[in-house]
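What follows is a set of notes on a single structure, which appears directly below.
In our numbering, the protein residues as written are 1 to 283.
The structure is reproduced here in C-alpha cells:
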C-alpha cells in the first residue's frame with residue numbers, strides 16, 4: 001500500500017489517500033479510478049484516476065448517492081465490432097482527456113446540442129470519433145466535431161451554435177457549474193466506465209447505460225401518449241410506471257435526468273407532467 005496526494009476539484013483541499021500500489025501498476029488500462037468519498041478529504045465526493053507512476057491524472061466530481069437502475073435490456077443485433085473496438089483505444093483517450101470532458105460530451109448529446117471538443121493532440125481524434133460511433137450506435141444521434149485551438153479560432157463563426165468543450169476554460173467558471181449544474185447522472189455513467197477494470201467491458205457498460213437512458217426516455221413518451229386522465233400525471237406515478245415496466249427501482253434524480261432527455265433531445269412537450277411528485281401535498 002502507498003499514499004497518494006489528491007486535490008478536491010471543487011474546494012481545492014488536498015489530502016492523502018491509501019491505494020494498492022501493486023494493483024495500480026498491474027492495471028492494463030494505464031489508469032486506475034479511485035473513489036474518494038465524503039469526509040475522506042473534505043465534504044465532497046469525487047473520483048481520481050491515477051496512472052502507473054502514481055500520478056493523479058485527473059479528478060472529477062461524482063455524487064456517490066446516485067444509483068443507476070439495472071434493467072434487462074432488449075438484445076440488439078450488432079455486427080462484429082472487434083475492429084471498431086480496437087480502433088477506439090480507450091486507455092489512450094483516458095490518459096489524455098479529462099473525465100469532465102466526457103461528462104460534458106455526454107450531457108451535450110443528451111440535450112441535443114452541437115458539440116465541439118478542443119484538443120491539441122491529433123492522435124486522439126480518430127479514437128474519440130470511433131468511441132462516439134460505438135457508444136451511440138442504435139440510440140442517440142449526435143453532431144460532434146473535434147479541432148485544435150488554432151483551427152477553432154480561424155473558423156469561430158462556423159461554430160457559434162456549438163457547445164464548446166475546452167479543458168483550458170476558466171476554472172472558477174467550471175467550479176460554479178459543478179455546484180449548480182444537474183449533471184449528476186452523467187457523472188455516475190462516466191464513473192462506471194472508469195471503474196471497470198477491462199477497457200472493452202468498460203466500453204460495453206458505457207454504451208449500455210446510454211442505451212438504457214434512450215430506451216427509458218422513449219418509454220416515458222409512450223406513457224404520456226397513453227395517459228387518458230384529465231389531471232396532470234405526477235412524477236411519482238411516472239416512477240411507479242417505469243419501475244413496474246422494467247422491474248426496478250428508480251431514484252427521483254434519474255427520473256429528472258430522463259425528463260430532461262424527453263424535453264431537450266426528443267422535443268416532447270411535458271406540459272402534462274406535474275411539477276410535483278405528490279401534487280396533493282405540494283411536494
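Ideal Cβ placement from N, Cα and C applies to all residues, glycine included. Since we're looking at a predicted model, the values are computed, not measured.
> Helix, strand or coil for residue 68 per DSSP?
Replying inline: coil
> Tell me the DSSP bridge mates of residue 146?
Replying inline: 117
> If you compare alpha carbons, which of 193, 207, 30, 39 is closest to residue 53?
Replying inline: 30
> According to DSSP, is residue 155 helix, strand or coil?
Replying inline: coil
> Can you give the Cα-Cα distance for residue 99 and residue 229, rounded to whole angstroms?
Replying inline: 44 Å
>> Run through the DSSP bridge pairs and tell me what residue 58 is partnered with.
In response: 49
> So residue 202 and residue 193 are in contact, right, with Cβ under 8 Å, and what is the actual spacing, rounded?
Replying inline: 5 Å
> Which of helix, strand or coil does DSSP assign to residue 209?
Replying inline: helix
> When the Cα atoms are used, what is the spatial distance from residue 214 to residue 241?
Replying inline: 17 Å
> With burial defined as no fewer than 16 other Cβ atoms inside 10 Å of the residue's Cβ, what is the status of residue 207: buried or exposed?
Replying inline: buried
> CA-CA distance, residue 12 and residue 18?
Replying inline: 19 Å
> Expressed to the nearest angstrom, what Euclidean distance is found between the alpha-carbon atoms of residue 262 and residue 221?
Replying inline: 7 Å
>> Pop quiz: residue 55 and residue 47 are said to be a contact at Cβ under 8 Å. What is the actual Cβ separation, rounded to whole angstroms?
In response: Contact flag wrong, Cβ pair sits at about 15 Å.
> Would you report the Cα separation of residue 216 and residue 63, rounded to the nearest angstrom?
Replying inline: 21 Å
>> DSSP three-state label for residue 231, please.
In response: coil
> Got a sec? Which residues, its chain only, sit under 6 Å from residue 196 by beta carbon, not counting five neighbours each side?
Replying inline: 202, 205
>> When you compare the CB positions of residue 211 and residue 139, do they come within less than 8 Å of one another, or not?
In response: yes
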